[in-house]
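First comes the structure, then the notes that go with it.
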């Protein structure tokens, strides 16, 4: 396999999850990927440390994990001489975006661990910038669930991965 350098923009982060996917513990699985010029440079798939009561809460926890990685990558890019502003971060859950955008929030979010609320602060400081993207277009989907052959091929293309000898077409546009 090789990495395609085709793609739009310089870099962006995307995350998704499989809500309460573990049948034994009911914990969700977080998957995130960061793309640089259309190729995956960092990715993870990991079970969350706590059980979430809603998809919005689980997505918020995933956003916190992806934000920590985005900040680390941002520092790395600066060390490599890249001028980085806010890291674009795609999210498919509107309730999660509302949690991030509204620090006053709702009393229903008080039970979420304080460590996950750093995502709000980083968004307010402009270190990361969140935007909505339909779930069907999320590049991180293959990190949290099994995919059929056509979806797996599309997942690989979205990550910028191609088989050697394959034409290097850009990822599916969003």
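Numbering (the working numbering), first residue to last: 25 to 198.
Just so you know, even glycine gets a beta-carbon here, dropped at the ideal spot from N, CA and C.
Predicted model, so just to flag it, every value in this text is computed and none were measured.
Next item on the list: Return the first residue and the last residue of the beta strand (DSSP E) that residue 54 is part of.
Entry: 53–60
Note to self: Can you list, in chain order, the residues of its chain with a C-beta nearer than 8 angstroms to that of residue 157? Leave out the 5 residues immediately preceding and following it.
What the structure shows: 38, 114, 115, 116, 198
Item checked: Run of the beta strand (DSSP E) containing residue 180, from where it starts to where it stops -> Residue 180 -> not in any beta strand (DSSP E); alpha helix (DSSP H) instead, spanning 173–182.
Check: According to DSSP, is residue 154 helix, strand or coil?
Finding: strand
Next item on the list: Determine the DSSP secondary structure at residue 102, reduced to helix, strand or coil.
Entry: helix
Next item on the list: Please list, in chain order, all residues of the same chain as residue 152 whose beta carbon is under 7 angstroms from its beta carbon, the five residues on each side excluded.
Entry: 91, 94, 110, 111, 113, 146
Margin query: Using 8 angstroms as the threshold, is the C-beta distance between residue 68 and residue 52 below it?
Written below: no
Next item on the list: With residue 75 as the anchor, note down where its beta strand (DSSP E) starts and where it stops.
Entry: Run containing residue 75: none; DSSP gives neither H nor E here.
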